[in-house]
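Numbering (the numbering used here), first residue to last: 6 to 129. Yeah, the Cβ is synthetic: ideal placement off N, Cα and C, and Gly gets one too. A quick write-up on the structure given underneath.
Here it is, written out as structure tokens:
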């Protein structure tokens, strides 16, 4: 069973600053993986000490904040359950971007996030 720290998603694991966000989206070293309806943009960098994530659901697809927040919560929870896949890598900044216009069940979201994390683990 994973340790208690492996089952949490703390503040230190979230992208909060503008510098890292700009670096993630504007760096020529950033790469992307897609498993519809989620796109993962990632960057391997030496400036962070643990993996960090950002979750984005565009207002264009979901006009109501309650719908956007639910999807973000599903993606964060799926990442939290499967972040052990990237246990060997502690220097990756990731952005999960929802690209679909329909809501999904939590099990399906978790399967998509798990697939993306496995693909990422193979690439880095």
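8 Å Cβ cutoff met for residue i and residue j
| i | j | result |
| --- | --- | --- |
| residue 49 | residue 129 | yes |
| residue 1 | residue 46 | This structure does not reach residue 1, given that the chain is present from 6 up to 129, and the question cannot be answered. |
| residue 94 | residue 56 | yes |
| residue 90 | residue 112 | no |
| residue 102 | residue 44 | yes |
| residue 61 | residue 37 | no |
| residue 71 | residue 114 | no |
| residue 73 | residue 64 | yes |
| residue 58 | residue 18 | yes |
| residue 42 | residue 109 | yes |
| residue 40 | residue 88 | no |
In DSSP terms, what residue i is bridged to
| i | result |
| --- | --- |
| residue 99 | 47 and 58 |
| residue 65 | DSSP, once it has assigned bridges, lists no residue as partnering residue 65. |
Element boundaries [alpha helix (DSSP H), containing residue i]
| i | result |
| --- | --- |
| residue 75 | 70-87 |
| residue 113 | 111-128 |
| residue 39 | Taken as a continuous stretch (DSSP letters only), residue 39 belongs to no alpha helix (DSSP H), being part of the beta strand (DSSP E) at 36-40. |
| residue 21 | Here residue 21 belongs to no alpha helix (DSSP H), and DSSP marks it neither H nor E. |
CB-CB length for residue i against residue j, believed under 8 Å
| i | j | result |
| --- | --- | --- |
| residue 26 | residue 20 | 6 Å |
| residue 105 | residue 66 | 7 Å |
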